[in-house]
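Its first residue numbered 20, the sequence shown is counted upward by one per residue in the working numbering.
What follows is one structure encoded as structure tokens, with my remarks underneath.
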Amino acid sequence: MRSFWIIGVLGLFFFACEKAGTGGKSHVVVHGIYENTGTPGAIVYCVFNEETYNSSWVGGDLQDTINNFSEIEFGPLKRGHYYFYSVYTFVNDSGFVDSVKAGKHIYLGDKPSYYHLTLDFSAVNPFE
Numbered sequence: 020m021r022s023f024w025i026i027g028v029l030g031l032f033f034f035a036c037e038k039a040g041t042g043g044k045s046h047v048v049v050h051g052i053y054e055n056t057g058t059p060g061a062i063v064y065c066v067f068n069e070e071t072y073n074s075s076w077v078g079g080d081l082q083d084t085i086n087n088f089s090e091i092e093f094g095p096l097k098r099g100h101y102y103f104y105s106v107y108t109f110v111n112d113s114g115f116v117d118s119v120k121a122g123k124h125i126y127l128g129d130k131p132s133y134y135h136l137t138l139d140f141s142a143v144n145p146f147e
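In structure tokens:
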């Protein structure tokens, strides 16, 4: 009888500590804009179990490139915290290569659904 309780408690602990990651039922569609224009070609990174941007990050747990419609879909994702950030590289008006960054946090709940997130590279605070 005692081993039954130990197995039950360990099982409860295992399922209660489920972390963010792939294999869930939700999808996130990320849109990128810079000065009211789409950002095809920008690389978007998805970092699991994070709520704020860390400037020391190089990459993420998932990554993909924004398509010609200025969006990219990540999923299926489990319940949890995710931070999406992107680096957009372009040639500025002076002819020099320039880059801008933006990011946002999202929490995915238990209900399976599609979420839309917009990364605005020209926002006053692009990491809100």
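Glycine included, C-beta positions come from ideal geometry on N, C-alpha and C.
inquiry  = Tell me the rounded alpha-carbon separation between S89 and G99.
reply    = Counting only the Cα atoms, G99 lies some 25 Å from S89.
query = Under a Cβ-count criterion, where at least 16 other Cβ atoms within 10 Å of its own Cβ denotes burial, should Y126 be classed as buried or exposed?
reply = The residue in question, Y126, is exposed, as its Cβ has fewer than 16 Cβ neighbours within 10 Å.
ask   = How is K123 classed by DSSP in three states: helix, strand or coil?
value = Strand, per DSSP.
message = Quick check: the Cα distance between D129 and V63, rounded to an integer number of angstroms?
response = Spanning the two alpha carbons is a distance of roughly 24 Å.
inquiry  = Taking the straight line between their C-alpha atoms, what separation do you get for K97 and G114?
reply    = Those two C-alpha atoms are separated by around 43 Å.
key: Residue from D112, A142 and G57 whose Cα sits closest to the Cα of N87   = Minimum Cα-Cα distance from N87 among the listed residues D112, A142 and G57 corresponds to G57.
K123 burial status per 10 Å Cβ neighbour count (16 or more: buried) = Its Cβ being crowded by 16 or more others within 10 Å, K123 is buried.
ask   = Thinking just about the alpha-carbon of each residue, which of P59, E92 and G51 is nearest to the one in S45?
value = S45 has its Cα closest to that of E92, out of P59, E92 and G51.
request  = Please go through the same chain and pick out, in chain order, the residues whose beta-carbon is closer than 8 Å to the beta-carbon of Y134, but skip the five residues on each side of it.
outcome  = Cβ within range, chain order: S45, H46, V47, V48, I125 and L127.
ask   = Does the beta-carbon of A61 have 16 or more other beta-carbons within 10 angstroms, so that it is buried, or is it exposed?
value = The Cβ neighbour count for A61, taken over all protein chains shown within 10 Å, is at least 16; the residue is labelled buried.
request  = Enumerate in chain order the residues of its own chain whose CB-to-CB distance from V110 is below 8 Å, with the five nearest sequence positions on each side excluded.
outcome  = Same-chain partners within the cutoff: V116 and D117.
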